[in-house]
Amino acid sequence: DLLRAVVRDYSLIPYENLTKIIKKFTAPGPTERLRGPGEVIEGYIERRTGGTCFSLTYCLGAILSGAGYECHPVMADMKRPNIHCALVAIVKGKRYLIDPGYLLGEPVELAGAAAAVETSFGRVELRPRSGGRYDLFTVSGGEAKWRYRVRTAPVPRSLFLGYWQESFSLPMMNSIQLTKLTERGHLYIRDHHLRLRRGEEKLNENIRSDLELRIEREFGIPAGITAEVREHLERMKESWRTRRREDR
202 DLLRAVVRDY SLIPYENLTK IIKKFTAPGP TERLRGPGEV IEGYIERRTG
252 GTCFSLTYCL GAILSGAGYE CHPVMADMKR PNIHCALVAI VKGKRYLIDP
302 GYLLGEPVEL AGAAAAVETS FGRVELRPRS GGRYDLFTVS GGEAKWRYRV
352 RTAPVPRSLF LGYWQESFSL PMMNSIQLTK LTERGHLYIR DHHLRLRRGE
402 EKLNENIRSD LELRIEREFG IPAGITAEVR EHLERMKESW RTRRREDR
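Here my numbering = 1-based position in the sequence shown + 201.
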(Lines of atoms letter the chains of each structure in order from A and count residues from 1; the text may use other names and numbers.)
(Lines give C-alpha, C1' and ligand atoms only; values in the text may rest on other atoms or scores of the structure.)
Protein backbone atom coordinates (compact mmCIF):
# COMPACT_ATOMS: atom_id res chain seq x y z
CA ASP A 1 0.00 0.00 0.00
CA LEU A 2 0.99 3.68 -0.08
CA LEU A 3 2.32 3.81 3.49
CA ARG A 4 4.60 0.84 2.91
CA ALA A 5 5.83 2.32 -0.38
CA VAL A 6 6.60 5.70 1.20
CA VAL A 7 8.49 4.12 4.11
CA ARG A 8 10.44 1.83 1.77
CA ASP A 9 11.53 4.71 -0.46
CA TYR A 10 12.30 6.94 2.52
CA SER A 11 14.64 4.28 3.91
CA LEU A 12 17.01 5.11 1.05
CA ILE A 13 17.91 8.28 2.95
CA PRO A 14 20.95 7.39 5.08
CA TYR A 15 21.46 7.76 8.79
CA GLU A 16 24.43 10.10 9.24
CA ASN A 17 25.57 12.59 11.84
CA LEU A 18 27.85 14.63 9.58
CA THR A 19 25.21 17.30 8.96
CA LYS A 20 24.30 17.34 12.65
CA ILE A 21 27.90 17.87 13.74
CA ILE A 22 28.28 20.74 11.27
CA LYS A 23 25.07 22.32 12.59
CA LYS A 24 26.29 21.94 16.17
CA PHE A 25 29.40 24.00 15.47
CA THR A 26 28.09 26.50 12.91
CA ALA A 27 24.43 27.28 13.70
CA PRO A 28 23.94 30.73 15.29
CA GLY A 29 21.59 29.37 17.96
CA PRO A 30 19.89 26.24 19.33
CA THR A 31 16.77 26.59 17.18
CA GLU A 32 18.82 26.90 13.98
CA ARG A 33 20.58 23.61 14.75
CA LEU A 34 17.41 21.61 14.05
CA ARG A 35 17.19 20.58 10.40
CA GLY A 36 13.60 20.73 9.21
CA PRO A 37 11.95 18.57 6.53
CA GLY A 38 12.82 20.91 3.67
CA GLU A 39 16.49 20.96 4.62
CA VAL A 40 16.66 17.17 5.01
CA ILE A 41 15.06 16.48 1.62
CA GLU A 42 17.10 19.18 -0.14
CA GLY A 43 20.27 17.79 1.41
CA TYR A 44 19.51 14.29 0.17
CA ILE A 45 18.69 15.44 -3.35
CA GLU A 46 21.70 17.73 -3.71
CA ARG A 47 24.38 16.06 -1.55
CA ARG A 48 23.00 12.63 -0.62
CA THR A 49 23.04 13.53 3.08
CA GLY A 50 20.41 12.25 5.50
CA GLY A 51 20.18 12.86 9.22
CA THR A 52 19.98 11.22 12.62
CA CYS A 53 16.84 9.72 14.14
CA PHE A 54 15.37 13.07 15.20
CA SER A 55 15.59 14.89 11.88
CA LEU A 56 14.64 11.75 9.91
CA THR A 57 11.63 11.08 12.14
CA TYR A 58 10.49 14.71 12.09
CA CYS A 59 10.81 14.86 8.31
CA LEU A 60 8.95 11.61 7.67
CA GLY A 61 6.24 12.66 10.10
CA ALA A 62 5.70 15.84 8.08
CA ILE A 63 5.54 13.84 4.83
CA LEU A 64 3.02 11.34 6.20
CA SER A 65 0.88 14.02 7.84
CA GLY A 66 0.85 15.93 4.57
CA ALA A 67 -0.34 12.78 2.82
CA GLY A 68 -3.25 12.48 5.24
CA TYR A 69 -1.89 9.88 7.65
CA GLU A 70 -2.41 10.15 11.39
CA CYS A 71 0.98 9.79 13.06
CA HIS A 72 2.94 10.97 16.08
CA PRO A 73 6.54 10.79 17.33
CA VAL A 74 7.48 8.37 20.12
CA MET A 75 10.59 8.08 22.28
CA ALA A 76 12.84 5.12 22.99
CA ASP A 77 15.53 4.24 25.51
CA MET A 78 18.89 2.78 24.52
CA LYS A 79 21.86 3.00 26.87
CA ARG A 80 20.27 6.24 28.05
CA PRO A 81 16.61 7.24 28.23
CA ASN A 82 14.97 9.23 25.45
CA ILE A 83 17.89 9.26 23.03
CA HIS A 84 16.13 7.52 20.15
CA CYS A 85 12.83 8.29 18.45
CA ALA A 86 10.46 6.86 15.87
CA LEU A 87 6.92 7.30 14.56
CA VAL A 88 3.63 5.56 15.19
CA ALA A 89 1.15 5.76 12.32
CA ILE A 90 -2.50 4.77 12.60
CA VAL A 91 -4.20 3.25 9.56
CA LYS A 92 -7.76 1.92 9.70
CA GLY A 93 -7.55 1.57 13.46
CA LYS A 94 -4.24 -0.31 13.40
CA ARG A 95 -1.01 1.14 14.80
CA TYR A 96 2.34 0.76 13.06
CA LEU A 97 5.88 1.50 14.23
CA ILE A 98 7.99 3.31 11.64
CA ASP A 99 11.66 3.82 12.48
CA PRO A 100 13.65 5.69 9.81
CA GLY A 101 16.57 6.20 12.20
CA TYR A 102 17.10 2.47 12.65
CA LEU A 103 16.60 1.62 8.98
CA LEU A 104 13.47 -0.45 9.37
CA GLY A 105 12.42 -0.45 5.74
CA GLU A 106 8.75 -1.10 6.41
CA PRO A 107 6.02 -0.33 8.96
CA VAL A 108 5.66 -2.93 11.74
CA GLU A 109 2.20 -3.47 13.21
CA LEU A 110 1.86 -2.90 16.96
CA ALA A 111 -0.74 -5.53 17.74
CA GLY A 112 0.43 -6.52 21.22
CA ALA A 113 2.20 -9.58 19.83
CA ALA A 114 5.75 -10.28 18.72
CA ALA A 115 6.55 -9.27 15.15
CA ALA A 116 9.57 -9.81 12.92
CA VAL A 117 11.00 -8.11 9.84
CA GLU A 118 13.64 -9.58 7.56
CA THR A 119 16.17 -7.00 6.39
CA SER A 120 19.29 -7.20 4.26
CA PHE A 121 21.38 -7.31 7.47
CA GLY A 122 19.28 -9.92 9.24
CA ARG A 123 16.15 -10.33 11.30
CA VAL A 124 14.63 -7.59 13.45
CA GLU A 125 12.16 -8.57 16.17
CA LEU A 126 9.71 -6.41 18.07
CA ARG A 127 8.54 -7.88 21.38
CA PRO A 128 5.72 -6.39 23.48
CA ARG A 129 6.19 -5.29 27.07
CA SER A 130 3.74 -3.87 29.58
CA GLY A 131 2.37 -0.35 29.35
CA GLY A 132 2.37 -0.07 25.57
CA ARG A 133 6.13 -0.54 25.32
CA TYR A 134 8.05 -2.74 22.90
CA ASP A 135 11.62 -4.04 22.86
CA LEU A 136 13.47 -4.16 19.55
CA PHE A 137 16.07 -6.88 18.98
CA THR A 138 18.33 -7.76 16.08
CA VAL A 139 18.91 -11.47 15.56
CA SER A 140 22.07 -12.86 13.98
CA GLY A 141 23.39 -16.39 14.17
CA GLY A 142 20.50 -17.34 16.42
CA GLU A 143 21.54 -14.72 18.99
CA ALA A 144 19.16 -11.87 19.82
CA LYS A 145 20.67 -8.51 20.79
CA TRP A 146 18.56 -5.87 22.54
CA ARG A 147 18.68 -2.50 20.82
CA TYR A 148 16.04 -0.30 22.40
CA ARG A 149 12.73 -0.04 24.24
CA VAL A 150 10.12 2.22 22.66
CA ARG A 151 7.10 3.76 24.35
CA THR A 152 4.27 4.04 21.85
CA ALA A 153 2.34 6.87 23.54
CA PRO A 154 2.48 10.24 21.72
CA VAL A 155 5.21 12.68 22.75
CA PRO A 156 4.20 16.36 22.93
CA ARG A 157 5.94 18.50 20.32
CA SER A 158 7.68 20.66 22.94
CA LEU A 159 9.10 17.60 24.70
CA PHE A 160 10.22 16.04 21.42
CA LEU A 161 12.04 19.23 20.43
CA GLY A 162 13.64 19.33 23.89
CA TYR A 163 15.00 15.80 23.54
CA TRP A 164 16.23 16.72 20.07
CA GLN A 165 18.16 19.69 21.46
CA GLU A 166 19.64 17.53 24.23
CA SER A 167 20.84 15.00 21.65
CA PHE A 168 23.49 17.46 20.43
CA SER A 169 25.39 16.74 23.67
CA LEU A 170 25.33 12.94 23.37
CA PRO A 171 28.62 11.00 23.02
CA MET A 172 27.62 9.93 19.50
CA MET A 173 28.32 13.52 18.42
CA ASN A 174 32.03 13.01 19.14
CA SER A 175 32.56 10.57 16.27
CA ILE A 176 31.59 10.16 12.63
CA GLN A 177 28.71 7.73 12.12
CA LEU A 178 26.90 6.70 8.95
CA THR A 179 24.76 3.72 8.06
CA LYS A 180 22.45 2.60 5.29
CA LEU A 181 20.88 -0.50 3.82
CA THR A 182 22.24 -1.61 0.47
CA GLU A 183 21.73 -4.61 -1.79
CA ARG A 184 25.01 -5.91 -0.38
CA GLY A 185 23.76 -5.62 3.21
CA HIS A 186 23.98 -3.19 6.11
CA LEU A 187 26.80 -0.68 5.62
CA TYR A 188 28.08 1.04 8.76
CA ILE A 189 30.92 3.51 9.24
CA ARG A 190 32.16 4.77 12.59
CA ASP A 191 35.15 7.09 12.35
CA HIS A 192 37.55 5.15 10.13
CA HIS A 193 36.03 1.70 10.64
CA LEU A 194 33.74 0.30 7.95
CA ARG A 195 31.57 -2.75 8.46
CA LEU A 196 29.38 -4.48 5.90
CA ARG A 197 26.99 -7.01 7.41
CA ARG A 198 24.66 -9.39 5.63
CA GLY A 199 23.06 -12.01 7.84
CA GLU A 200 25.90 -13.76 9.65
CA GLU A 201 28.57 -12.50 7.24
CA LYS A 202 30.66 -9.52 8.32
CA LEU A 203 33.33 -7.60 6.45
CA ASN A 204 35.48 -5.13 8.40
CA GLU A 205 37.81 -2.59 6.84
CA ASN A 206 39.99 0.28 8.05
CA ILE A 207 39.40 3.29 5.77
CA ARG A 208 41.46 5.87 7.67
CA SER A 209 43.74 6.65 4.72
CA ASP A 210 40.90 7.67 2.38
CA LEU A 211 37.96 8.33 4.69
CA GLU A 212 36.48 11.30 2.82
CA LEU A 213 36.70 9.66 -0.58
CA ARG A 214 35.38 6.34 0.69
CA ILE A 215 32.33 7.96 2.28
CA GLU A 216 31.74 9.82 -0.98
CA ARG A 217 31.97 6.56 -2.92
CA GLU A 218 29.75 4.53 -0.60
CA PHE A 219 27.17 7.20 0.32
CA GLY A 220 27.52 9.85 -2.37
CA ILE A 221 28.20 12.54 0.24
CA PRO A 222 30.79 15.06 -1.03
CA ALA A 223 34.26 14.63 0.48
CA GLY A 224 34.28 18.27 1.58
CA ILE A 225 31.46 17.62 4.06
CA THR A 226 33.39 14.85 5.81
CA ALA A 227 36.55 16.97 5.78
CA GLU A 228 34.70 19.83 7.49
CA VAL A 229 33.36 17.46 10.14
CA ARG A 230 36.83 16.11 10.84
CA GLU A 231 38.10 19.66 11.35
CA HIS A 232 35.32 20.45 13.83
CA LEU A 233 35.93 17.25 15.79
CA GLU A 234 39.69 17.69 15.86
CA ARG A 235 39.39 21.26 17.18
CA MET A 236 36.98 20.04 19.84
CA LYS A 237 39.29 17.21 20.92
CA GLU A 238 42.30 19.54 20.93
CA SER A 239 40.42 21.86 23.29
CA TRP A 240 39.80 18.87 25.55
CA ARG A 241 43.50 18.01 25.54
CA THR A 242 44.43 21.62 26.32
CA ARG A 243 41.97 21.74 29.20
CA ARG A 244 43.34 18.51 30.68
CA ARG A 245 46.90 19.84 30.50
CA GLU A 246 45.83 23.06 32.22
CA ASP A 247 44.05 21.12 34.97
CA ARG A 248 47.17 19.15 35.89
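All residues carry an ideal CB built from backbone N, CA and C; glycine is no exception.
Remember, predicted model here, so these are calculated numbers, not experimental data.
Backbone CA spacing between residue i and residue j [nearest angstrom]
i	j	result
E439	T250	27 Å
G343	Q378	27 Å
R445	G230	27 Å
R248	I422	5 Å
G333	G262	20 Å
L434	K403	28 Å
V325	Y303	10 Å
C286	R409	31 Å
M374	S368	8 Å
E417	G269	36 Å
H393	I242	27 Å
N407	A277	31 Å
A428	G252	17 Å
Y297	T258	14 Å
K280	R385	29 Å
S489	G244	This structure leaves residue 489 out entirely; the chain is present only between 202 and 449.
A314	I222	38 Å
C254	D448	36 Å
F361	E217	20 Å
Residue i: first and last residue of the uninterrupted beta strand (DSSP E) it sits in
i	result
F338	R334 to S341
A424	Per DSSP, A424 belongs to no beta strand (DSSP E); it is in the alpha helix (DSSP H), A424 to D448.
R324	G323 to P329
T198	Nothing about residue 198 can be reported from this structure: the residues present for the chain run from 202 to 449 only.
Y349	E344 to R352
L379	Q378 to T383
Helix, strand or coil at residue i [DSSP, three-state]
i	result
D300	coil
G252	strand
V241	helix
I214	coil
A228	coil
L395	strand
P274	strand
N405	strand
L305	coil
K221	helix
Residue i classed as buried or exposed, judged by whether at least 16 other C-beta atoms fall within 10 angstroms
i	result
R165	This structure cannot speak to residue 165, because the chain is shown only from 202 to 449.
I246	exposed
G237	exposed
R398	buried
L327	buried
D411	exposed
W452	Nothing about residue 452 can be reported from this structure: the residues present for the chain run from 202 to 449 only.
N405	exposed
E432	exposed
P372	exposed
A317	exposed
D300	buried
G294	exposed
L305	buried
I291	exposed
T232	exposed
G323	buried
P215	buried
T380	buried
Residue i, enclosing alpha helix (DSSP H) - first and last residue
i	result
G386	No alpha helix (DSSP H) holds G386; the beta strand (DSSP E) holding it covers G386 to R391.
D210	L203 to Y211
P231	P231 to R234
E413	L412 to F420
L288	L288 -> not in any alpha helix (DSSP H); beta strand (DSSP E) instead, spanning H285 to V292.
S359	R358 to E367
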